[in-house]
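2 protein chains.
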Amino acid sequence: MKIAIVFGGVSFEHEISIVSSIAMKDVLKNELAYIFIDKDRDLYEIPSSKINSKLFSSGEYKKFDKAFLKKGGFYKISGLFKKEQNIDFDVVLNLSHGGDGEDGILSSVLDFYNIPFIAPRTEACVVSSNKFITKGYATSVQVNTLDYKYFTKNDNIKVDMFPVILKPVKLGSSIGVSIVKNQDELQYALDVAFEFDDAIIIEPFVSGVKEYNLAGTKINGEFVFSIIEEPQKAEFLDFDKKYLDFSRTSKAKEVDLGEKLNNEIKESFKRLYNTLFEGSIIRCDFFVIDDKVYLNEINSIPGSMANYLFEDFNTIFNNLVKNLPAKKHIPITYEYVNKIQATKGK
Amino acid sequence: MKIAIVFGGVSFEHEISIVSSIAMKDVLKNELAYIFIDKDRDLYEIPSSKINSKLFSSGEYKKFDKAFLKKGGFYKISGLFKKEQNIDFDVVLNLSHGGDGEDGILSSVLDFYNIPFIAPRTEACVVSSNKFITKGYATSVQVNTLDYKYFTKNDNIKVDMFPVILKPVKLGSSIGVSIVKNQDELQYALDVAFEFDDAIIIEPFVSGVKEYNLAGTKINGEFVFSIIEEPQKAEFLDFDKKYLDFSRTSKAKEVDLGEKLNNEIKESFKRLYNTLFEGSIIRCDFFVIDDKVYLNEINSIPGSMANYLFEDFNTIFNNLVKNLPAKKHIPITYEYVNKIQATKGK
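Heads up: the sequence lines are chains A and B, in that order.
Position 265 of the first sequence, counting from 1, maps to 265 under the UniProt record's numbering, and the rest follow consecutively.
Position 27 of the second sequence, counting from 1, maps to 27 under the UniProt record's numbering, and the rest follow consecutively.
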């Protein structure tokens, strides 16, 4: 089973995607192809033997074959006679974190060209990448979230209680996120957040709150879970720390919260994953406050897909590849157009 | 301003899209190009002078130039020397109703290739095309919806109160929708709905409920509304009737619900449209029950974009073309990769 890792993309997490994708060489036993989306959305096929992070920062990647999309796959113009060639792989792994990858753009493009892929489908991407839409969705599937206020750029923004945490609705990896302790700090935090996005949410900031991460997937209708981890963190994980997190391959330490909370976290995960996230391995980050479980966020494409949380990630990954969701067949019969033609002909 | 209408697509509403797109010839004063997505997702450029519905049901469209996507636009291989040629237009109008067009696939593809377009962006498509996600979103923006239950294919489905209306979550134009009057009718209705989708919602069916449609858009931060119409309908609009609706070009009759309700409908529209639907002309369908306004559904690409509800659709359309939402610039600097390289070099 040959996997084509598609990575990079027009995203604030472009670099994270590079690091995460390179780390997969140590995680997956599969043969790998790498397809890089650069900042201009030009595509390149990078030989897996040659891949390293410097290739991208230096611009050297441009010496490799340019790739492009056509029905059923990626192609390149290559060889002495500049012939069009199919790039060989069985399934795509979308590891473009943040924009392009996690906002549904890339999943849509792969769907449009009928390319099988591991990643959340378009709907699941949107539900998880936009924190405001996540809130509404979580409520619909009966999963608790912290109270919040939603504002767009031109709103009159008032905050009564501090401290709060202020987040652009659409970015991951803590980009543009601030903890605001008092009124004086508010304007700067707003300026930062609106630098990245046109809409924000503001939540109460609970100091010292315990966060727990659970990754999982669904294979043949059955959930497969990782261990629950309590990630090490500072006041909150900043970009640098999360960045390093994206290249984690060593195993995490399991935490046992007792049967009731362990179950509640798993049941919340199941309700969130639902049928919507089929085809993907996701990580849900929960808060536990006064013995109650709250969703913090859904990472629809966690760094290196949170392999470090699983005992045997490689096997789970390859089982998922064999169980990707099938699209419903949509018959196009021209029944109605024919009916109109027939009526006109009378 | 030349408009490229992209239509068809792999969708239960493929034929509706054809009828709706042809109708635009009478609505828009712009020069038009037509790009057809066939049932295999092959693309064809159809000359606007030659377009008619029979072209598609007969398969004759295949005699026209095949088109394909590249950065910045659509291209074709054409002429005596089989040269690659750019298809000339200023902006795309996405008129692929239902799947592909309204589920976010096509908007994502256009975004990926940096092609300016009129249609909801990916997030707005997902929020409006999946009725379950619509419910959560409407609640988040403080717009009422009818109570509902959500079920997926393998759930144990129980209904206590009848009549109910049963809807696949992802289809428009009443496809797969049934009114269920008693327990005996339930199983058949479920079989029909699950034929089209893996998830459904069940709502109480309110007989004789009044429905009101309002279309609108936002131009330069200001809302522009159509009239409010009470559409003529049978018990509920079935596919045939909605289908004819998609080729409507004659003006609709305004209904006046009094200042309070008129305003409440408009305010609900504004909260739904929010910043999410910028770049599109949508139609929201509301119920009024006991003087309270409820969202029925958001039509993110209504048939012929609900031109019949506007006094001067052509002007509004062309103003919107000039005010499409801009994407945030995302700088890709390799700051972090460089930092790692520097640390390694030490």
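All C-beta atoms in this analysis are idealised placements derived from N, C-alpha and C, irrespective of residue type, glycine included.
Any contact between the segment 216-233 of chain B and the segment 275-285 of chain B? By contact I mean 3 or more CB pairs, one from each, below 8 angstroms. yes
Under 8 angstroms, do V143 of chain A and L309 of chain A count as touching if we go by C-beta distance? Taking the first sequence and counting its residues from 1, one reaches residue 143 of chain A at position 143. Taking the first sequence and counting its residues from 1, one reaches residue 309 of chain A at position 309. No, they are not a contact pair.
Quick one: is Q142 of chain A near chain B, going by C-beta distance under 8 angstroms? The count along the first sequence starts at 1 and reaches residue 142 of chain A at position 142. By this cut-off, Q142 of chain A is not an interface position.
Out of B:F269, B:D160, B:F89, which has the shortest C-alpha to C-alpha gap to A138 of chain B? Walking along the second sequence from the start, residue 138 of chain B turns up at place 138. That would be B:F269, whose Cα lies nearest to the Cα of A138 of chain B.
Can you confirm whether V192 of chain B, when its beta carbon is compared against all beta carbons of chain A, has any partner nearer than 8 angstroms? Translated into positions along the second sequence, residue 192 of chain B becomes position 192. False, the Cβ-Cβ gap to chain A never drops below 8 angstroms.
Pick helix, strand or coil for Y61 of chain B, following the three-state DSSP scheme. As a first step, residue 61 of chain B is located in the second sequence; it is residue number 61 there, counting from the start. Residue state, collapsed to three classes: helix.
Is the segment 6-24 of chain A touching the segment 327-334 of chain B in the sense that three or more CB pairs, one from each, lie closer than 8 angstroms? These segments touch.
Using the rule of at least 16 other Cβ atoms within 10 Å of the residue's Cβ for burial, across every protein chain shown, is L110 of chain B buried or exposed? Locating residue 110 of chain B in the second sequence gives position 110, where the first residue counts as 1. Flag for L110 of chain B reads buried.
Check whether the segment 122-132 of chain A and the segment 40-56 of chain A are in contact - that is, three or more C-beta pairs closer than 8 angstroms. No, because fewer than three Cβ pairs between the segment 122-132 of chain A and the segment 40-56 of chain A fall closer than 8 angstroms, the two stretches do not touch.
Which residues in chain B have a C-beta closer than 7 angstroms to the C-beta of G14 of chain A? List them in chain order. The count along the first sequence starts at 1 and reaches residue 14 of chain A at position 14. In the sequence under discussion, the amino acid at residue 14 of chain A is His, which differs from the Gly named in the question. Per Cβ cutoff of 7 angstroms: I332.
Nearest chain B C-beta to residue 350 of chain A closer than 8 angstroms, yes or no? The structure shown does not extend to residue 350 of chain A, since chain A is modelled only from 1 to 346, so the question has no answer here.
Residue-level contact to chain B via CB, E123 of chain A, 8 angstroms cutoff: Here residue 123 of chain A refers to the residue found at position 123 of the first sequence. Closer than 8 angstroms to some Cβ of chain B, the Cβ of E123 of chain A qualifies, so yes.
Would you call the segment 186-203 of chain B in contact with the segment 257-266 of chain B, where contact means no fewer than 3 C-beta pairs closer than 8 angstroms? At 8 angstroms Cβ cutoff, the stretches do not touch.
Residues of chain A with CB under 7 angstroms from F56 of chain B, in chain order? On the second sequence, residue 56 of chain B is found 56 positions in, with the first residue counted as 1. In chain order: Y334, V337.
Exposed unless 16 or more other CB atoms sit within 10 angstroms - verdict on F223 of chain A: Taking the first sequence and counting its residues from 1, one reaches residue 223 of chain A at position 223. By the neighbour-count rule (16 or more Cβ atoms within 10 Å), F223 of chain A is not buried but exposed.
Determine which residues of the segment 206-234 of chain A have a Cβ less than 8 angstroms from any Cβ of chain B, and write them out in chain order. Along the segment 206-234 of chain A, going in chain order, the ones with a CB nearer than 8 angstroms to a CB of chain B are G221.
In chain A, what lies closer than 7 angstroms to S108 of chain B by C-beta? As a first step, residue 108 of chain B is located in the second sequence; it is residue number 108 there, counting from the start. The contacting residues are G104, I105, S108, V109, T122.
Closest Cβ-Cβ distance between F269 of chain A and chain B: below 8 angstroms? The residue labelled residue 269 of chain A in the question sits at position 269 within the first sequence. So, not an interface residue.
Less than 8 angstroms between CB atoms is the rule here; does residue 347 of chain B satisfy it with respect to chain A? The structure shown does not extend to residue 347 of chain B, since chain B spans only 1 to 346, so no value can be given for it.
Bridge partners - P168 of chain A, DSSP secondary structure assignment: Position 168 of the first sequence, counting from 1, holds the residue named residue 168 of chain A. Answer is A:I200, bridged to P168 of chain A.
Can you confirm whether Q341 of chain B, when its beta carbon is compared against all beta carbons of chain A, has any partner nearer than 8 angstroms? Counting from 1 along the second sequence, the entry for residue 341 of chain B is found at position 341. So yes, Q341 of chain B belongs to the interface.
Mapping the DSSP letters down to three states, classify S174 of chain A as helix, strand or coil. Walking along the first sequence from the start, residue 174 of chain A turns up at place 174. Coil, per DSSP.
Compile a chain-ordered list of the residues in the segment 21-54 of chain B whose CB is closer than 7 angstroms to at least one CB of chain A. K39, R41, S53, K54
Closer than 7 angstroms by beta-carbon distance: list the chain B residues that pair up with F132 of chain A, in chain order. Your numbering for residue 132 of chain A matches position 132 in the first sequence. Chain B residues near F132 of chain A: S140.
By a C-beta neighbour count over all protein chains shown, 10 Å radius and 16 as the cutoff for buried, is H97 of chain A buried or exposed? Walking along the first sequence from the start, residue 97 of chain A turns up at place 97. That one is buried.
Range of the contiguous alpha helix (DSSP H) that encloses residue 351 of chain B: Since the first and last residues shown for chain B are 1 and 346, residue 351 of chain B lies out of range.
Could you spell out the range, first to last residue, of the alpha helix (DSSP H) harbouring D155 of chain B? Reading the second sequence from its first residue, position 155 is the one you call residue 155 of chain B. D155 of chain B -> no alpha helix (DSSP H), and no H or E assigned at all.
In the DSSP assignment, what are the bridge partners of Q85 of chain A? Here residue 85 of chain A refers to the residue found at position 85 when the first sequence is read from its first residue. Looking at the DSSP assignment, Q85 of chain A forms a beta bridge with A:K76.
Decide if A326 of chain B is buried, meaning its Cβ has at least 16 other Cβ atoms within 10 Å, or exposed. Taking the first residue of the second sequence as 1, we reach residue 326 of chain B at position 326. Under this definition A326 of chain B is an exposed residue.
If S20 of chain A sits next to G303 of chain A, beta carbons under 8 angstroms apart, how far is it from one beta carbon to the other, in whole angstroms? What you label residue 20 of chain A is simply residue 20 of the first sequence in a count that begins at 1. What you label residue 303 of chain A is simply residue 303 of the first sequence in a count that begins at 1. The pair is a contact, with the Cβ atoms about 5 angstroms apart (cut-off 8 angstroms).
For M305 of chain A, collect the residues of the same chain with a Cβ closer than 7 angstroms to its Cβ; drop the 5 residues on either side in sequence, then sort them by chain order. Taking the first sequence and counting its residues from 1, the one referred to as residue 305 of chain A is at position 305. Once the five neighbours on either side are set aside, the close Cβ partners of M305 of chain A are I281.
Determine the closest residue to R283 of chain A out of A:N263, A:P120, A:I87, A:D198, with distance taken between C-alpha atoms. Taking the first residue of the first sequence as position 1, residue 283 of chain A is located at position 283. Nearest of A:N263, A:P120, A:I87, A:D198 to R283 of chain A, Cα basis: A:P120.
Residues from the segment 60-74 of chain A in contact with chain B, defined by Cβ distance under 7 angstroms: Cβ contacts with chain B come from K71.
Sequence-distant residues of its chain with Cβ nearer than 6 angstroms to F162 of chain B (five each side left out): Within the second sequence, numbered from 1, the residue matching residue 162 of chain B stands at position 162. For F162 of chain B, same chain residues with a beta-carbon under 6 angstroms away, outside a window of 5 residues either side, are K181, N182 in chain order.
Do the segment 80-98 of chain B and the segment 79-99 of chain A make contact, defined as three or more Cβ pairs closer than 8 angstroms? When Cβ pairs closer than 8 angstroms are counted between the two stretches, the segment 80-98 of chain B is seen not to touch the segment 79-99 of chain A, the count staying below three.
Could you give the C-beta distance for I301 of chain B and L28 of chain B, rounded to a whole number, given that I count them as a contact under 8 angstroms? For this step, residue 301 of chain B is matched to residue 301 along the second sequence. For this step, residue 28 of chain B is matched to residue 28 along the second sequence. Actually they are not in contact, since the Cβ atoms of I301 of chain B and L28 of chain B sit about 15 angstroms apart, beyond 8 angstroms.
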